[in-house]
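The block underneath contains the structure these notes are about, expressed in structure tokens.
In the working numbering, the protein residues as written are 93 to 792.
In structure tokens, the structure reads:
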């Protein structure tokens, strides 16, 4: 990444949203009031929206707001922000629906995506004001959006561009594929009929998806990036919130990540899932934004209307400890928090901002330390775009997310350093320094990827794999045996997954990988298992059906391959943990990790399970981010949560060899703690953590 874009690493970004008051429906916007809000919040970047349902600047390429008159809202914001050192990044929607479904005026009606019968494809309700119609990137809209990007980049003093998109209707996204004449011309023939689902054996289906993702969507983005870079050397970010989403099969995450400078991960169900996705984004080498105070909170479930899912409180502050915790999660993960939105404070007392201001002050104060940090390598968790695209492709239901999310969360709650690795970045050079490589049901794997993993293990890397890992090739077609079966040490006894009620793991060995669990002890097992035969491996546990008193094969096996150790779990135990949070499951994973790593974890926490950490490093030191998630927890609605302080937290950090400790500081509380240093490890205690603390170990 270029040094000139380093300000993105710790940007304190404030959104000005054009889809709600004071810009829509009536234009009651004051740039002076906006800038006053940004300054009080300690923001240094504004994501301003010149295009929403309407344009808020003079243009011939998009319908302007009926009340715009002679105003240019984008220029008004620039004129006030620039002297104050506030950077401006315009928001430009690409393929994002903006006009009501019943709108029939030209030329905009010609931009509509069409179904098989020539009708406009209905979109969603977005923020609930009206139902829009979907747009087609092959229509004249594409030239219009090119012109919009060109005139904004050429005519305005801006610091970057954010694209919300590109979006194009497909069989699994935005209510079905577009059959308009523009698409037929671009595709070179009739669009396949998807009314009965997708026939994955059809070459025509593959060609359609290749065309719609590579040529239409990725092609549009490359085109727009080319226009931007022609006029200005500024960073380009985009909305990548559908990354790995199984609803959007054959998604293009790995390709689009390569062409832009950074992207936004929009929202998540849990703080740890947000941490996972930000770290995954970091693994691509890009700058990462993540919303805090998101519009996705406070969605009412009791409403009966068709658009009841849309958030209705767009001008109400989300101002509480939850907002601080959200910010610190993003910071601890190496991303930049982007607050949605200044609109929330526009109609309220401007003093009601303390919960966002505190983490933004922290970012500003420690910018020089934070911008140089990168995750410490200990456990590398491989996340497979191929598995997200092709696993169980014929069923339209892909459960893969629950495996990698569960794998990340069980290890974080067990107190370990975990770094996700996106499979497009998989190489021996990338993974060789990880003590453990974790493959949570990485079901789809190419021969090239299998060869990289084999070399890693042969050279001394340690492998943990679960369930159907490597059973399918990169297109979801089954191998006769899992391509890693020789390394994992088993043969398939049955081809099909078996599912039963009330399964348990029965410990049958005193192996160190099962820790202090005793032989015969029963632990909850995932309901789905793969029946296998161990091949020159020690069986540590079997799957046991309580009530039937039946053992149905090895559940956990251990062995070695080359210089590395290998543990294989025949079920998706990590996915079951996500649903249950069984303490025994967490203990088992702790025993496995300690065995594989020989107890060499880079840090240790003596704290309740709701306290998690992430360790970063630079050439000058190490930074342990500690987050306290103890308190009320709502999986989907993080609104007005309460947090309970934790006390007397013991912390141990492994210091690199040949390094000298110059000092230790608690950055948030601004304290110099007492510490002990012995045999390469720093030990200290923190009296109290409310939401977050950052322990900086200065090294030379």
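Cβ atoms here follow ideal geometry from the backbone N, Cα and C, with glycine treated the same way.
Only a predicted model underlies this, so the values are computations on that prediction, with no experimental measurement involved.
Where residue i sits in the DSSP three-state scheme
i: residue 534; result: coil
i: residue 230; result: coil
i: residue 757; result: strand
i: residue 306; result: helix
i: residue 773; result: strand
i: residue 620; result: strand
i: residue 720; result: strand
i: residue 315; result: helix
i: residue 297; result: helix
i: residue 104; result: coil
i: residue 800; result: Lying outside 93 to 792, the shown extent of the chain, residue 800 is not represented and no answer is given.
i: residue 237; result: helix
i: residue 341; result: Residue placement at residue 341 is poorly supported in this model, since its pLDDT is 48, which falls under 50; the coordinates are not used for a value here.
i: residue 625; result: strand
i: residue 323; result: helix
i: residue 634; result: strand
i: residue 97; result: helix
i: residue 434; result: helix
i: residue 511; result: strand
i: residue 381; result: strand
i: residue 729; result: Residue placement at residue 729 is poorly supported in this model, since its pLDDT is 47, which falls under 50; the coordinates are not used for a value here.
Span of the alpha helix (DSSP H), counted from its first residue to its last, around residue i
i: residue 668; result: 665-672
i: residue 363; result: 363-375
i: residue 675; result: 675-689
i: residue 499; result: 492-505
i: residue 570; result: That residue, residue 570, is in no alpha helix (DSSP H); it is neither H nor E in DSSP.
i: residue 125; result: 123-132
i: residue 459; result: 459-462
i: residue 477; result: 477-482
i: residue 548; result: 539-550
i: residue 276; result: 273-279
i: residue 166; result: 165-173
Cβ neighbour criterion (16 or more within 10 Å) applied to residue i
i: residue 672; result: exposed
i: residue 199; result: exposed
i: residue 655; result: exposed
i: residue 395; result: exposed
i: residue 470; result: buried
i: residue 147; result: buried
i: residue 543; result: exposed
i: residue 737; result: exposed
i: residue 705; result: buried
i: residue 273; result: exposed
i: residue 507; result: buried
Chain-order list of residues whose beta-carbon lies under 8 Å from that of residue i (same chain, five-residue window excluded)
i: residue 256; result: 183, 184, 185, 186, 188, 330 and 331
i: residue 773; result: 744, 745, 746 and 747
i: residue 797; result: This structure gives no information on residue 797, because the portion of the chain shown stretches from 93 to 792.
i: residue 323; result: 242, 245 and 246
i: residue 399; result: 216, 217, 220 and 223
i: residue 645; result: 585, 621, 623, 624, 625, 634, 635 and 662
Residue i: first and last residue of the uninterrupted beta strand (DSSP E) it sits in
i: residue 557; result: 554-558
i: residue 739; result: 738-746
i: residue 417; result: Where residue 417 is concerned, there is no enclosing beta strand (DSSP E), although the alpha helix (DSSP H) it sits in stretches over 413-425.
i: residue 357; result: 354-357
i: residue 595; result: 595-599
i: residue 580; result: It is not in any beta strand (DSSP E) - residue 580 instead sits in the alpha helix (DSSP H) that spans 577-580.
i: residue 707; result: 703-709
i: residue 523; result: Careful: residue 523 lies outside any beta strand (DSSP E), inside the alpha helix (DSSP H) at 520-523.
Beta-carbon proximity list for residue i, same chain, < 6 Å, skipping 5 on both sides
i: residue 759; result: 458, 786 and 788
i: residue 381; result: 356, 428 and 430
i: residue 660; result: 557, 580 and 649
i: residue 226; result: 189, 205, 213, 215, 261 and 266
Residues of its chain near residue i, where Cβ-Cβ distance is below 7 Å and the 5 sequence neighbours each way are ignored
i: residue 222; result: 192
i: residue 684; result: 556, 605 and 659
i: residue 502; result: 666, 669, 677, 678 and 681
i: residue 568; result: 482, 483, 485 and 536
i: residue 121; result: 114, 115 and 165
i: residue 196; result: none
i: residue 421; result: 363, 366, 367 and 719
Inter-stretch contact (C-beta, 8 Å, three-pair minimum) for the segment 443-460 and the segment 121-137:
yes
The segment 175-193 in contact with the segment 239-252 per 3-pair CB rule at 8 Å:
With the cut-off at 8 Å, the segment 175-193 and the segment 239-252 touch.
Quick test of the definition: if touching needs 3 or more C-beta pairs under 8 Å, does the segment 616-634 touch the segment 590-601?
The segment 616-634, when compared against the segment 590-601, does touch it at the 8 Å Cβ threshold.
Between the segment 279-294 and the segment 211-224, are three or more C-beta pairs nearer than 8 Å?
These segments do not touch.
Contact between the segment 690-710 and the segment 754-769: three or more CB pairs below 8 Å?
no
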